[in-house]
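All residue numbers for the sequence shown refer to this note's numbering, where the first residue is 153 and numbers rise by one.
For every residue, glycine included, the Cβ atom is placed at its ideal position computed from N, Cα and C.
As the structure is a prediction and not an experimental result, all values here were calculated from the model.
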Amino acid sequence: MAILATPKGQVEFLGPLIRESIEPLDMNKNLNNFRRASRQKEALLQVSDLPEGIVYVAKHANEIIGYVLFQHPSEFGRWNKHPRLLELGAIEISRDWKCMGIASKLLHEAFKNPELEEYIVITTEFYWHWDLEGSGLSVWQYQRMLKKLFGSVGFKRRHTDDPEILEHSANMLMVRFGKTITDVHLKAFEDLTYQASIFV
Ligand SMILES: CC(C)(COP(=O)(O)OP(=O)(O)OC[C@H]1O[C@@H](n2cnc3c(N)ncnc32)[C@H](O)[C@@H]1OP(=O)(O)O)[C@@H](O)C(=O)NCCC(=O)NCCS
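If you want it as structure tokens, here you go:
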């Protein structure tokens, strides 16, 4: 089990977790960037139940203070059509624990999981999900911060004609290719990034 010493005490990094390991843990009440903390805990449990769902948490004492989730992409978008693709659905660190290197360590721990090397992992970053107010960063500074954070575990920005990404120039698609991804799966991914060209 990995541990990080922070000015507020030791943080442990756990995963991949099953429902039974998540259930007894408390959820820090400020894990509310995407939804109320209680509902976010429910989302963690639901992802852990999915066949391809992967949950890693950062924990202090008995409390979850951060998490990162991986799952098969939603059936409504194009990415779901790829056979070896997972989406990093969310990463969040409680504002009580921000800027202590926890997100960075959590990602590094999660990507030690050899299972993730068998996937193309994407993150679709929409600026309306970002904590601009809490961070004090501008949209462009926040984008740079995320590019660096995800870049530290091998994600690279990719251009795409996905209409949701194109809705704002700060939005971005970032991709990490697992070490055992085949050329066939790479080609399938390339074909998905620009779909409009199929109809030209
Ligand atoms: C983005 C987020 C996960 C970062 O968590 P964190 O634990 O504070 O990040 P870390 O401490 O590991 O910092 C990672 C890097 O980002 C930088 N950073 C993070 N927050 C910052 C801030 N508010 N201002 C300036 N730099 C910041 C750190 O300095 C660090 O850079 P470095 O590697 O050069 O030292 C956290 O702010 C969060 O939960 N935000 C809300 C949800 C969100 O936006 N998720 C991402 C999209 S899914």
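#### Entry: Ranges of the alpha helix (DSSP H) found wholly within the segment 206 to 267, counting only runs of at least 4
254 to 262
### Three-way DSSP call (helix, strand, coil) for K299 in this model
Taking the sequence shown and counting its residues from 1, the one referred to as residue 299 is at position 147. DSSP places K299 in helix when its eight states are reduced to three.
### Query
Distance, Cα to Cα, S226 vs P168?
In the sequence shown, the residue the question calls residue 226 occupies position 74. In the sequence shown, the residue the question calls residue 168 occupies position 16. Rounded to whole angstroms, S226 to P168 spans 21 Å at the Cα level.
### Query
So what's I170 in DSSP terms, helix, strand or just coil?
Translated into positions along the sequence shown, residue 170 becomes position 18. In this structure, I170 counts as coil in the three-state DSSP scheme.
### Task
Please name the residue, chosen from F186, K181 and T158, that lies closest to L284 on a Cα-to-Cα basis.
One-based indexing of the sequence shown puts residue 284 at position 132. Ranking F186, K181 and T158 by Cα distance to L284 puts F186 first.
### Task
Indicate whether the contact test is met: 3 or more Cβ pairs, each with one atom in the segment 243 to 250 and one in the segment 177 to 192, closer than 8 Å.
yes
### Query
By the 10 Å Cβ neighbour count, where 16 or more other Cβ atoms means buried, how is T334 classified, buried or exposed?
In the sequence shown, residue 334 corresponds to position 182, counting from 1. It counts as exposed.
### Query
Thinking C-beta only, is Y279 closer than 9 Å to Q293?
By one-based count along the sequence shown, residue 293 stands at place 141. By one-based count along the sequence shown, residue 279 stands at place 127. No. Outside cutoff.
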